[in-house]
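S.K.: Position 791 of the first sequence, counted from 1, bears residue number 1225 in this note's numbering, the numbering being contiguous throughout.
Ideal Cβ positions, reconstructed from N, Cα and C, are used throughout, including at glycine.
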Amino acid sequence: MSEYIQNLNPTQRDAAVNYQGASLIIAGAGSGKTRVLTCRIAYMLSQGVQAHTVLALTFTNKAAKEMRERIATLVPGGMSRSLWMGTFHSVFARILRAESDKLGYPSSFTIYDSADAKNLVKLAIKELNLSDETYKPNVVAARISKAKNNLVTPQAYEANSSLQAEDREQRIPQFLDIYKLYARKCRENGAMDFDDLLLNTNILMRDFPEVLTKYQNQFRYILVDEYQDTNFAQYVIIRRLGELHGNVCVVGDDAQSIYSFRGAKIENILRFQQDFPGAKLFKLEQNYRSTQTIVNAANCVIEKNQRQIRKKSFSAADEGDPIRVIKAYTDKEESALLASDIYTTVRTRGVQYSDVAVLYRTNAQSRALEEALRSRNIPYKIYGGMSFYQRKEIKDMLAYVRLVVNPRDDEALRRIINTPARGIGDVTIGRIAGAAAANGLSMWEAVSTLDPAAIGLAGAAGGKVAQFAKIIGELSEMRSTTEAYTLGLEIATRSGLIGTYKMQQTPESISALENIEELLNSIRVYTEEQERMAADTATEEESAPQALVQIDEWLQNVALLTDMDNENPEERNKVTLMTVHSAKGLEFEYVYVAGLEENLFPSMMSMGTPEGLEEERRLFYVALTRAKRAAVLSFAESRFKWGEMTFGRPSRFLSEIDPQYLDLQFELGDSRDSDEEANSAPRYGRPAGPSRYGRPGTGSSQGYGQGGYGKRAGAPDTGGYGQGAPGHYGRSGSSDNSGGGFPRRTDPPAPGARFRSLNARGAAQSSPATGALASKFSAIGTERPAVRPTAPPAGYPPRPIGGATSASPHVTGATNGSDPPGASSSQGSGEMAVGTRVEHAKFGVGEIVAIEEWTSDVKLTVDFGAAGRKVLLKKFAKLQIL
DNA sequence: CGGACGAGGATTTTT
DNA sequence: TCCTCGTCCG
435 MSEYIQNLNP TQRDAAVNYQ GASLIIAGAG SGKTRVLTCR IAYMLSQGVQ
485 AHTVLALTFT NKAAKEMRER IATLVPGGMS RSLWMGTFHS VFARILRAES
535 DKLGYPSSFT IYDSADAKNL VKLAIKELNL SDETYKPNVV AARISKAKNN
585 LVTPQAYEAN SSLQAEDREQ RIPQFLDIYK LYARKCRENG AMDFDDLLLN
635 TNILMRDFPE VLTKYQNQFR YILVDEYQDT NFAQYVIIRR LGELHGNVCV
685 VGDDAQSIYS FRGAKIENIL RFQQDFPGAK LFKLEQNYRS TQTIVNAANC
735 VIEKNQRQIR KKSFSAADEG DPIRVIKAYT DKEESALLAS DIYTTVRTRG
785 VQYSDVAVLY RTNAQSRALE EALRSRNIPY KIYGGMSFYQ RKEIKDMLAY
835 VRLVVNPRDD EALRRIINTP ARGIGDVTIG RIAGAAAANG LSMWEAVSTL
885 DPAAIGLAGA AGGKVAQFAK IIGELSEMRS TTEAYTLGLE IATRSGLIGT
935 YKMQQTPESI SALENIEELL NSIRVYTEEQ ERMAADTATE EESAPQALVQ
985 IDEWLQNVAL LTDMDNENPE ERNKVTLMTV HSAKGLEFEY VYVAGLEENL
1035 FPSMMSMGTP EGLEEERRLF YVALTRAKRA AVLSFAESRF KWGEMTFGRP
1085 SRFLSEIDPQ YLDLQFELGD SRDSDEEANS APRYGRPAGP SRYGRPGTGS
1135 SQGYGQGGYG KRAGAPDTGG YGQGAPGHYG RSGSSDNSGG GFPRRTDPPA
1185 PGARFRSLNA RGAAQSSPAT GALASKFSAI GTERPAVRPT APPAGYPPRP
1235 IGGATSASPH VTGATNGSDP PGASSSQGSG EMAVGTRVEH AKFGVGEIVA
1285 IEEWTSDVKL TVDFGAAGRK VLLKKFAKLQ IL
């Protein structure tokens, strides 16, 4: 038996080797879950299971990528590449694209993220002449999402009188109309939102039995990671696909189910053995991550939950230090104490900053921590806040790409028709929309085919629209003949985005440029990867004269990516700041959990129901079990919340830990004298209890939850509508320029607020590869000398390093040896001119028909005769001069 | 049409 | 606090 199996403990081994039939693997925190999963798949492959018959689903791209990489080291050759491994969304998007005709979608359908979806909801509300006071876009979007996650289509909704009764009760009687219109718009736009990917997969499998059968037959083995986080739609997909062969293996930990607010159903895992009778149960209970103290303390807490699969996690590691509890008078002091504690820890315990994480319940808490760390010169990085893909400039760029790829995408057109500002206002847009509707066209079709005068676009407006139409028209034409990266650059410039930001010269605009450039860089990396992979398979099979890597492909890929997928090589050795949610699945030597106060952690919003409280408890369990060597818990007696001082008591979770595991230098107040709060006071706006910590005379926070947000406690099966991060993403920057005392070399002067986004994005922006381009975009003054060392492109040409394949298409610049833009001239040593005959790896021999300077490179138009005329970037195309 | 100012709103967020 | 969005004027 292979070595990797030998190295597993007996339970792990059982779980890995028994791959026939249904299995439920309960994997406690730190129990080697990923290891088991990868070994199991590797083992299956070694037993002759065909890779393409294995479907392995995860929740994050990162998890999928890691797993695939690990499997690749365990099995021969490119075997792992044929596995169907990915997130639910990406795998089923792939299937939906293949089967899109059956559902009446184009195979290149756009994927709307939550912000796009919200915009569309707004539009639908407006179009129905409803007030967005009554119909709050966030609430409506959340309800639509919830319906979809529960497989309730608009038709089903219409047939369901109790749902509609609920709407009436909640004073949104016309919700169904919005839902219908929204769905229709999605369809007309050729777009699916995240939830549609799952819903439509279900519809596909429900309405096209032959399709279902096809995939049932193909996927003889199904594995699901983090099963406790599946929602109903995902659950039904698994059941359907798995019922033929019954080889369904789910892995998860009910104690770490923390996403119910997004529709995750802990029941799925609790019920698995009923769903798949005869399922084998494996409990991985040995924790390899943490000290005994930490594991035991975490057990104390989770024991208080009623609904769970009982297990007894244990650690064979050292007993370790007791968990310290730190009390502070204010949040500011708390942050300062933590910062200095971190400082001493790093100094005295011989650890790196990167071994330390500070976790908190809400993003708002990060600010104070940031300040404290900064004033002590402790490097840190923040996760959360606005992600790269949510930034305006990125969304704008993506919208251009989307429109070029999918001309039906009205949502994209609306976003960019006046971005950057070109004088096209609401009136004009309204006219276009009207004309489009009247003629049964998409807005782009209307703009590009109808006579401007005929749709009431007289004079100036008409001209401006025509200009816009020309840009998009030309870009669309280039789409099929131009490589993704080249087209990306074209889009960035011709749209005017780069030009506008370049002119502004504000810290924001510089950062925006860098972000755009980073996006372009990712296109380049993706394009290269694809070409390399195509080249690899071409040698194995036969050289298929592949079409060039089009931007379509990249777009489809990028739509499902998040920040977490971009690893940041330069973010080394920094303290990590993140919410507990984001920390799931990670581990650190030293973990600080801040803000352990009643109403914060556990959150006030969740404390109303037993289920809510249990989830908070699981969340705390997750937080604690991230720590390998030591955990420190802290709370503050008073805290600024929304500009007001509030007073709190220590979290009940602190007192749920057996004191023997704690290092407590003071009396822990009883946090559970919560009776007074149960019967007094409405849900929101409880006056700060005059506990022994409370200072008198501070009625705090009056009502900030607005009505209609939280559901009423008794409502039947309506749990937790409180979704949709209400416009909280953006932190696109305030102004105060503190000149960036923080040690990051290439940061633009970093104002406190925008620090988050920049850092969250990561240092990739400042990697050498991207820095060059950045300076091109930004203006005189920051520009670098044109001469750069012409390092030979490392990762290119031919040989991919070893078996280390498939780094995500999104590895940021510097990492995988992609050549810096400046290195271009090294490639073809210059002698290209119009008329030069060249050879391309894929298109064969051709002749250069045009040459044009392009930012840091040269753009070539090459006529390949039979293969057609292509626009290529010189540094990129690897042309051989003949 | 687009910038400036004030009101309102603010858990958590794998895709 | 501090960010986003909507309204009002130039």
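1) T445 and F710 - do their beta-carbons sit closer together than 8 Å?
2) By the three-class DSSP mapping on this structure, what secondary structure does G1133 have?
3) Within a Cβ cutoff of 8 Å, which residues of the same chain sit near A773, ignoring the five residues on either side of it in sequence?
4) On a CA-only basis, which of H523, E963, A497 and V792 is nearest T1010? Give me that one, please.
5) For T778, count the other beta carbons within 10 Å of its own beta carbon; 16 or more makes it buried, fewer makes it exposed. Which is it?
6) Can you pull the DSSP bridge partners for S1068?
7) Which term fits I906, buried or exposed, when burial requires 16 or more other beta carbons within 10 angstroms of its beta carbon?
8) How many angstroms separate the CA atom of Q598 from the CA atom of Y1024?
9) Determine the direct distance from the alpha carbon of A689 to that of V1056, and round the result to whole angstroms.
10) Expressed to the nearest angstrom, what Euclidean distance is found between the alpha-carbon atoms of V470 and V992?
11) Of the choices D843, V1272 and G874, whose alpha-carbon is the least far from that of D550?
12) Nearest to K829 by CA position, among L678, V1279 and L989, is which residue?
13) Would you mind working out which of E660, I672 and D659 sits nearest Q650, comparing C-alpha positions?
14) Of all the options F1074, A880, P841 and I529, which has the alpha carbon lying nearest to the alpha carbon of R913?
15) What's the gap between the Cα of R618 and the Cα of E603?
16) Classify V1268 as helix, strand or coil using the three-state DSSP reduction.
17) Helix, strand or coil for A1061, going by three-state DSSP, please let me know.
18) Please give the ranges of any beta strand (DSSP E) in the region 584-658, keeping only runs that are unbroken, at least 3 residues long and fully inside the region.
19) Where does E1032 fall in DSSP's three states?
20) Report the three-state DSSP secondary structure of Y794 (helix, strand or coil).
21) Between A903, G754 and A476, which has its C-alpha nearest I505's C-alpha?
22) Touch check for the region 482-494 and the region 743-751: three-plus C-beta pairs under 8 Å?
23) Nearest to A867 by alpha carbon, out of V881, R674 and G857?
24) On the criterion of 16 or more Cβ atoms from any shown chain inside 10 Å, does D641 qualify as buried, or is it exposed?
25) Would you mind reading off the limits of the alpha helix (DSSP H) that contains S1089?
26) If Q652 and I703 are in contact, beta carbons under 8 Å, what's the gap, nearest whole angstrom?
27) Could you tell me if I1315 is buried or exposed, where buried requires 16 or more neighbouring beta carbons within 10 angstroms of its beta carbon?
28) For R1051, which of helix, strand or coil comes out of DSSP?
29) By how many angstroms is the C-alpha of G1029 removed from the C-alpha of Y794?
30) If you draw a straight line from the alpha carbon of A732 to that of G1046, how long is it in whole angstroms?
31) In whole angstroms, what is the alpha-carbon distance linking E948 and M831?
32) Quick one: is T920 buried, meaning 16 or more other Cβ sit within 10 Å of its Cβ, or exposed?
33) By alpha-carbon positions, which one of R654, A895 and K552 ends up nearest to Y613?
34) Sort R502, G520 and P540 by Cα distance to G512 and report the nearest one.
35) For T1321, name the three-state secondary structure that DSSP assigns.
36) Taking the continuous beta strand (DSSP E) assigned at W988, which residues delimit it?
M.R.: According to the data block:
1) No, Cβ-Cβ distance for F710 and T445 is not below 8 Å.
2) Model confidence at G1133 stands at a pLDDT of 28, short of 50, so the residue's coordinates are unreliable; what they give is reported in the following sentence. Residue state, collapsed to three classes: coil.
3) Cβ neighbours of A773 beyond the five flanking positions: L803, A806, L807, S809, R810 and I812.
4) Measuring C-alpha to C-alpha distances from T1010 to each of H523, E963, A497 and V792 identifies V792 as the nearest.
5) That one is exposed.
6) Paired residues: I760.
7) Classification for I906: buried.
8) In a straight line, the C-alpha of Q598 is about 50 Å away from that of Y1024.
9) Here the alpha carbon of V1056 sits roughly 8 Å from the alpha carbon of A689.
10) Going by the C-alpha atoms only, they are around 29 Å apart.
11) Of D843, V1272 and G874, the residue nearest in Cα terms is D843.
12) Checking every option, the nearest Cα to that of K829 belongs to L989.
13) When each option's Cα is compared against that of Q650, the closest is I672.
14) With distances taken between CA atoms, R913 lies nearest to P841 out of F1074, A880, P841 and I529.
15) Within the model, the alpha-carbon separation for R618 versus E603 is close to 25 Å.
16) V1268: coil per DSSP, three-state reduction.
17) DSSP places A1061 in the strand class (E or B) of the three-state scheme.
18) Under the rule that a run must span 3 or more residues, the beta strand (DSSP E) segments found entirely inside the region 584-658 read 625-627 and 655-658.
19) If DSSP states are grouped into helix, strand and coil, E1032 belongs with coil.
20) Taken through DSSP and simplified to helix, strand or coil, Y794 comes out as strand.
21) Nearest of A903, G754 and A476 to I505, Cα basis: A476.
22) Cβ pair count under 8 Å is below three, so no.
23) Considering only alpha carbons, the answer is V881.
24) When all chains shown are included, D641 counts as exposed.
25) Secondary structure note for S1089: its alpha helix (DSSP H) is the uninterrupted segment R1086 to E1090.
26) Their Cβ separation, rounded to whole angstroms, is 25 Å, which puts Q652 and I703 out of contact at 8 Å.
27) Its Cβ having fewer than 16 others within 10 Å, I1315 is exposed.
28) Three-state result, R1051: helix.
29) Across the structure, Y794 and G1029 are spaced so that their CA atoms are roughly 6 Å apart.
30) For A732 and G1046, the gap between their C-alpha atoms comes out near 18 Å.
31) For E948 and M831, the distance between alpha carbons rounds to 13 Å.
32) Sixteen is the threshold: when 16 or more other Cβ atoms of the shown chains lie within 10 Å of the Cβ of T920, as they do, the residue is buried.
33) Closest by alpha carbon: K552.
34) For the residues R502, G520 and P540, the minimum Cα distance to G512 belongs to R502.
35) Any question about residue 1321 goes unanswered here, given that the chain covers just 435 to 1316.
36) Careful: W988 lies outside any beta strand (DSSP E), inside the alpha helix (DSSP H) at I985 to V992.
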